[in-house]
Structures are given as C-alpha cells and as structure tokens.
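So the protein lines, in turn, are chains F and B.
The first sequence begins at 1 in the numbering used here and counts up one residue at a time.
The second sequence begins at 1 in the numbering used here and counts up one residue at a time.
Worksheet for the structure shown next.
Number of protein chains: 2
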Amino acid sequence: MTDKQEDHDHSGVEFRGHPGRRVRADAQRNIDTLLQTAMAVFATSGVDAPVREIAEKAGVGVGTIYRHFPQRSDLIAAVFRREIDACADAAPVLAAQHEPGEALVRWVQRYVDFIAAKRGLAKALHSGDPAFDTLPAYFKKRLEPALKALLMSAASAGEVRPDVSAEELLGAVASLCMHAFTQGPEQARRMASLLVDGLRYGANSPPKYKKAARRKA
Amino acid sequence: MTDKQEDHDHSGVEFRGHPGRRVRADAQRNIDTLLQTAMAVFATSGVDAPVREIAEKAGVGVGTIYRHFPQRSDLIAAVFRREIDACADAAPVLAAQHEPGEALVRWVQRYVDFIAAKRGLAKALHSGDPAFDTLPAYFKKRLEPALKALLMSAASAGEVRPDVSAEELLGAVASLCMHAFTQGPEQARRMASLLVDGLRYGANSPPKYKKAARRKA
DNA sequence: ACCTGAACACCGTTCAAGT
DNA sequence: ACCTGAACACCGTTCAAGT
C-alpha cells in the first residue's frame with residue numbers, strides 16, 4: 001500500500017482479457033452511455049428490465065452490450081460499482097461543505113437513499129452469480145474508508161461517541177434498509193437517523209453551547 | 001373469533017373463483033404431488049427452476065400446473081405456505097416431547113433451518129408479485145402463536161426471561177438468517193442460539209438444581 | 001476494433017383437443 | 001372436470017456480416 005493515489009476506476013473500465021489495452025474512443029462513449037442508460041432503466045423498471053430495452057434507449061445494438069458486458073449480470077454489477085463510487089465520492093465533498101456532525105448525518109442519509117432504492121441488491125448478492133462475487137469487497141473497500149473519515153472527525157470534534165466502527169455502522173444501516181423494504185424507504189430513513197442520534201447521545205461532549213437547533217431535514 | 005378450531009387449510013387447497021367447491025379426487029392427488037415435487041425441486045435448484053422440469057418430475061402436463069396455479073408465483077407461494085404450516089405444526093409436537101426450555105430451543109433451530117434454506121424468500125417477498133401479498137400475514141398468523149405458546153411455558157417454568165415477545169424474537173431470528181445468507185446457515189444457527197442463550201440468561205430462576213448438562217445438539 | 005441485428009435456445013403461459 | 005402438449009410470445013445470448 002505505497003500508492004499515493006489509488007485508482008478506483010471511477011470512469012475508466014478495465015476489461016477481462018484486455019488488461020492494459022486502451023479502448024477506442026467511440027467504444028468508451030458507448031460504455032458511458034450504456035451505464036447511464038442502464039442506471040436510469042434499472043431505477044424505474046428494476047434490474048429485470050430486458051437487455052433490448054436498454055440497448056434501444058441507449059441507441060446501440062444488443063451486440064454492443066454483450067461485447068462490453070459478456071453477461072447481463074456484468075452490466076448490473078458495473079452499474080452498482082458506479083453508484084458505490086458516487087456514494088463514496090460524496091463523503092469528502094460533504095466534509096468540506098459542512099461541520100463534522102452535519103456531514104456525517106448527511107452522508108448517512110445519502111447512503112440510505114442509495115441502499116433503500118436498490119431492492120435488487122440483496123437479490124443480486126445472493127444469486128450466486130460470479131459477476132457479483134467481487135461486489136461486497138468493493139462495497140467495503142470504497143465505503144468503509146469514506147465513512148471512517150467522517151466518523152473520526154465527528155468523534156474528534158466531540159459530536160459523536162468514538163466507540164462505534166465504520167464497518168458495524170455500515171452493516172447496521174444496510175441491515176435496517178433491507179429489513180425496511182417491506183415498509184418503504186421512509187422507515188429506513190427514520191431508523192437510520194435514530195441510529196445516528198444514538199451516536200450523538202454518547203458523545204464525549206454534549207451539544208453544550210452550540211447552535212443545537214440546526215435540525216430540519 | 002369464536003371458532004373453537006380454526007382451519008388452517010393444511011392439506012386442502014381452496015381456489016380462487018371456486019369457493020366451497022370440492023375438487024375431484026384425481027385433481028387433489030395431482031395437487032399434492034405437484035406441491036411435493038415443487039418443494040423438492042425448489043430446494044435443490046432454487047425457486048427459478050423451470051415449470052417444465054417440475055411438471056415432468058411430477059408426471060403431469062404443464063397445463064395441469066397452470067390449471068391449479070395460474071401463475072408460477074402462485075405455486076411458489078403455495079409451497080411456502082405448506083412449509084410455514086409444517087413449521088408451526090412442529091411446535092405442539094416438540095412441546096409434548098420435551099421440557100419447555102428444550103422444546104423452545106429445538107423449535108427455534110427448526111425455524112432457522114426453514115428460513116435459512118429459503119434464499120428465495122426475501123427475493124419473493126420484495127418482488128411485488130401479488131401472489132405473495134398475503135404471505136407475510138400468513139407467516140405471522142401461523143408462526144407467532146406457535147412460538148408464543150413455547151415461549152410462555154418456558155417463561156412460566158422460569159427457564160427464560162418473560163419480557164421478550166414472540167413477534168420480536170421471530171423478527172430478530174429471521175433478520176439474522178437473512179443477513180447470514182452470505183455466510184451460510186452455520187452462522188445463522190450460531191447467532192440464533194446465542195439469542196436464545198440470552199433469553200435463558202435473564203430468566204427468573206437460574207438453572208438451580210436442575211439437570212443442566214442436557215445440551216448436546 | 002467495433003457495431004449490428006437476424007437467428008437460436010429456452011422459458012412462462014395459453015388453449016384447442018382429448019378423456 | 002380435468003388433463004395434455006403443441007403453439008405463442010418473449011427474453012438472454014451468439015455470431016456472420018458489415019464499417
């Protein structure tokens with residue numbers, strides 16, 4: 001781990017069997033369009049949406065999809081990775097824009113919205129499809145450091161208790177979201193914010209003479 | 001609720017559009033065979049197994065399946081209801097065969113095995129398919145009283161703390177099982193038994209001078 | 001290199017013909 | 001009443017033909 005700047009392949013996509021090979025510009029454009037279109041279609045119609053529909057809306061032939069994503073599940077996995085990246089990347093932005101406690105709260109809400117919207121996630125992870133094999137590791141690799149940073153500065157600022165790890169918080173919230181599928185995303189948000197309130201309750205220093213009436217949502 | 005003996009339709013199947021109509025003997029035999037075959041196939045190949053495979057193994061035409069179960073999901077739901085029934089019916093049997101604490105432990109294991117084996121359950125419940133709409137209610141209606149009886153007599157015997165409801169225990173264990181899908185059913189069993197040990201720990205009267213070395217599993 | 005889309009295999013569901 | 005299975009619609013995936 002001596003890399004000073006780890007590449008999380010946000011935009012570029014590295015393909016099986018073509019390691020290090022540069023993709024042609026038009027192909028890369030197709031890939032981007034495909035991922036964006038697929039994300040939109042999955043969001044509205046679910047991950048079971050027909051491949052043909054995505055190809056049509058993206059303006060390409062079905063063959064193009066299969067050239068870049070050999071299996072239908074590879075496309076789904078790629079979209080998930082994109083959304084994980086977006087969620088992780090939101091952390092430093094929020095940290096720069098808000099004070100530590102508020103940044104943490106907002107990020108957790110963002111995380112909840114991400115998970116709660118993906119009713120296909122649990123299905124995918126337990127399908128046994130090898131395309132999803134690396135997804136849990138990627139999920140953890142990207143999201144845990146993101147939350148850890150927020151958690152640590154909030155703890156340093158005394159706004160939050162310091163004895164809860166990013167890993168268990170990530171897992172607990174995900175668990176709540178999965179369980180709240182039956183109830184809808186409102187329930188998930190409420191339970192998650194209850195959890196964060198719990199974090200605040202056990203902080204070293206209570207709100208004190210801080211502007212404590214800053215909650216609206 | 002003045003019925004002295006509620007009918008939980010264990011064996012008979014009541015059909016939409018034919019309320020009260022008796023089914024012919026050969027049809028009933030087909031239904032039973034179908035449910036048994038489907039249960040076996042789902043267990044080995046998962047709930048995505050082709051309808052044709054089930055029809056073939058049951059020795060009937062596909063049309064026969066669709067006559068009794070208009071949608072594929074109706075067959076899945078029927079199999080689930082059967083297994084829920086079997087699990088609920090195991091409670092009084094265990095209660096008659098073992099002392100209260102042991103009966104409770106054994107039933108929870110049975111329940112875990114039921115849930116942990118059904119990786120299709122979460123998928124089904126969140127699919128939005130109307131065939132599964134009544135399943136959660138049926139689940140609760142049958143399983144909650146079954147567990148409640150075990151829990152109450154174990155609590156009366158002082159083997160278990162009395163302040164945990166059947167509903168929350170049922171939910172907690174199911175939650176553990178769902179979450180343990182990634183790890184396999186072993187993890188689920190361990191966490192569930194930990195939970196029951198927790199119930200025991202807070203009992204009114206500790207093991208005392210009871211034959212406490214009765215655990216083997 | 002990359003793209004296209006007809007073609008193939010497979011699966012859920014229907015329904016005319018049988019008993 | 002009930003059963004059968006060919007037929008239909010639809011979807012994932014492939015690959016020969018194009019650029």
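Backbone N, C-alpha and C define an ideal beta-carbon position, used for all residues, glycine too.
Just curious, the alpha helix (DSSP H) that residue 144 of chain F is in, first and last residue? 135 to 156
Smallest Cα separation from residue 66 of chain B: which of B:30, B:166, B:84 and B:192? B:30
What is the rounded straight-line gap between the Cα of residue 198 of chain B and the Cα of residue 170 of chain B? 15 Å
Would residue 198 of chain F pass as an interface residue toward chain B - the criterion being a Cβ-Cβ separation below 7 Å? no
When the distance is taken between beta carbons, is residue 131 of chain B closer than 7 Å to residue 71 of chain B? yes
From the beta carbon of residue 57 of chain F, is the nearest beta carbon of chain B less than 7 Å away? no
Roughly how far, in whole angstroms, is the beta-carbon of residue 126 of chain B from the beta-carbon of residue 119 of chain F, given that I think they are within contact range, below 8 Å? 5 Å
Anticipated Cβ contact below 8 Å, residue 79 of chain F with residue 39 of chain F, distance rounded: 5 Å
By how many angstroms is the C-alpha of residue 84 of chain B removed from the C-alpha of residue 229 of chain B? What the structure shows of chain B is the stretch from 1 to 217, and residue 229 of chain B is not part of that stretch, so it cannot be assessed.
Answer yes or no: do residue 192 of chain F and residue 108 of chain F have a C-beta to C-beta separation smaller than 7 Å? yes
Work out the CA separation of residue 142 of chain B and residue 36 of chain B for me, nearest whole Å. 20 Å
When the Cα atoms are used, what is the spatial distance from residue 23 of chain F to residue 58 of chain F? 19 Å
Taking 7 Å as the cut-off, decide whether the C-beta atoms of residue 90 of chain B and residue 110 of chain B are in contact. yes
Closer than 8 Å, Cβ to Cβ, to anything on chain B: give me those residues from the region 116 to 139 of chain F, in chain order. 119, 122, 123, 125, 126 and 136
Let me check understanding here. Comparing Cα to Cα, which of F:157, F:32, F:41 and F:178 lies closest to residue 101 of chain F? F:157
Going by DSSP, what residue range makes up the alpha helix (DSSP H) through residue 45 of chain F? 25 to 45
Drop a sphere of 10 angstroms on the beta-carbon of residue 62 of chain B, count the other beta-carbons inside from all chains shown, and report buried for 16 or more, exposed for fewer. exposed
Residue 159 of chain F burial status per 10 Å Cβ neighbour count (16 or more: buried): buried
Label residue 146 of chain B either buried or exposed according to how many other C-beta atoms from any shown protein chain fall within 10 Å of its C-beta, with 16 as the threshold for buried. buried
Using C-beta distances below 7 Å, list every residue in its chain close to residue 77 of chain B, excluding the 5 sequence neighbours before and after it, in chain order. 131, 132 and 135
Closer than 7 Å by C-beta to residue 249 of chain F: which residues in its own chain qualify, once you throw out the five before and the five after it? Chain order, please. Because residue 249 of chain F is not part of the residues shown, which for chain F are 1 to 217, the question remains open.
Rounded to a whole number of angstroms, what is the C-alpha to C-alpha distance between residue 165 of chain B and residue 152 of chain B? 9 Å
Distance, Cα to Cα, residue 53 of chain F vs residue 82 of chain F? 20 Å
DSSP three-state assignment for residue 215 of chain F, whether helix, strand or coil: In this predicted model, residue 215 of chain F has a pLDDT of only 38, less than 50, meaning its place in the structure is not dependable enough to derive any value.
Is residue 114 of chain F helix, strand or coil when you go by DSSP? helix
If you draw a straight line from the alpha carbon of residue 50 of chain F to that of residue 124 of chain B, how long is it in whole angstroms? 19 Å
Own chain residues within Cβ distance below 8 Å of residue 55 of chain B, not counting five before or after: 61, 62, 64 and 65
Whole angstroms are fine: how far does the CA of residue 178 of chain F sit from the CA of residue 129 of chain F? 20 Å
Is the separation between the beta-carbon of residue 112 of chain F and that of residue 196 of chain F shorter than 7 Å? no
Expected contact under 8 Å - CB spacing of residue 87 of chain B and residue 114 of chain B to nearest Å: 5 Å
Specify the secondary structure class of residue 69 of chain B as computed by DSSP and reduced to three states. coil
Top-ranked residue by Cα proximity to residue 167 of chain B, from B:149, B:144 and B:33: B:144
Could you work out which residue in B:148, B:140 and B:117 is closest to residue 186 of chain B when comparing CA atoms only? B:117
For residue 150 of chain B versus residue 103 of chain B, is the C-beta distance shorter than 7 Å? yes
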